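Below is one structure, written out as structure tokens; the observations come after it.
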Amino acid sequence: MQLYRFEAVIEGEVIHIIIAAQSDEEAFQYVDIELEKHYLRMPEVEELSLYEKRRIQKGGGYVLQGQETFVD
Numbered sequence: 009m010q011l012y013r014f015e016a017v018i019e020g021e022v023i024h025i026i027i028a029a030q031s032d033e034e035a036f037q038y039v040d041i042e043l044e045k046h047y048l049r050m051p052e053v054e055e056l057s058l059y060e061k062r063r064i065q066k067g068g069g070y071v072l073q074g075q076e077t078f079v080d
């Protein structure tokens, strides 16, 4: 299993989305599901980038610092 960190640009704002999935395809599907759960209706995603991917293991994780972003 992998831990994926995505960045989406929605209404000009960068949104970070963290997903656990077995494959890249599955991870992208879960991004849509999580966005639908978070917003009342599915927002228009201007840009979606896979920022980071890591194998899940005990003690693994991410540090999100300030405005660290891949998207300009």
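So that you can map any letter, position 20 of the sequence shown is 28 in this note's numbering, and since no number is skipped, the others follow by simple counting. By construction, the Cβ of each residue, glycine as well, lies at the ideal position given by its N, Cα and C atoms. Owing to the predicted nature of the structure, the values given are computational and were not obtained by experimental measurement.
Check, Outcome
"Considering only residues of the same chain and omitting the five flanking positions on each side of residue 63, which have a CB-CB separation below 7 Å?", "10"
"Here's a check: name, in chain order, each residue in its chain whose Cβ is nearer than 7 Å to the Cβ of residue 58, leaving out the five neighbours to either side.", "12, 14"
"Along the chain, where does the alpha helix (DSSP H) containing residue 41 start, and where does it finish?", "32-46"
"Going by alpha carbons, who is nearest to residue 18 out of 53, 34, 61?", "53"
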